[in-house]
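Chemist: Numbering follows full-length UniProt numbering, with no gaps: position 36 of the sequence shown is 36.
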Amino acid sequence: MSLDDCVAEYRAKNRYNLLLSAYPDLLQGYGVVCAGHPNRGACNGDEGGPVVRKDESGRQYLEGIISFTADICGPTVLPTISTSVADNYDFITETIKYA
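#1: Rounded to whole angstroms, what is the Cα-Cα separation between Gly45 and Leu18?
#2: Taking the alpha carbon of Ile65 as the point to measure from, which residue in Asp55, Arg59, Arg11 and Pro50 has its own alpha carbon closest?
#3: So, at 7 Å on beta carbons, what are the nonlocal neighbours of Gly48 in its own chain, with the 5 sequence-adjacent residues on each side left out?
#4: Report, in whole angstroms, the separation of the C-beta atoms of residue 105 and Arg15, which I expect to be a contact under 8 Å.
#5: Could you pull the DSSP bridge partners for residue 116 from this structure?
Encoded structure:
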């Protein structure tokens, strides 16, 4: 989902201010993955969990790490904001190297 589509979803559900309070620099777009599905999504407590995507061949890969969820769950869930693994790969590998 594009960042513009993600922001539009939050605006439509009157949750945009909540989103900006958590991510004041969100509109820069770097390092952020916005993922949504009409019937499911992340809820409070899911932070740190994976966002997995399938490529054209059906292979799954880790695209993001959940970092923000709105307090709405169920069929009206908002898109999940995640940290991009690709954009933060160097930081992640350096950090876990010493764990």
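Beta carbons are placed, not taken as given, at the ideal position from N, Cα and C, and that holds for glycine.
No experiment lies behind these values; they were computed from the predicted model shown.
Modeler: On the basis of the coordinates in this document:
#1: In the sequence shown, the residue the question calls residue 45 occupies position 45. In the sequence shown, the residue the question calls residue 18 occupies position 18. Straight-line measurement puts the Cα of Leu18 at about 17 Å from the Cα of Gly45.
#2: Reading the sequence shown from its first residue, position 65 is the one you call residue 65. Closest by alpha carbon: Pro50.
#3: Indexing the sequence shown from 1 puts residue 48 at position 48. Excluding residues within five positions, the ones whose Cβ falls inside 7 Å are Ile65 and Ile66.
#4: Because the chain is modelled from 1 through 99, residue 105 falls outside the range shown and cannot be assessed.
#5: The shown model of the chain, from 1 to 99, leaves out residue 116, and the question about it has no answer.
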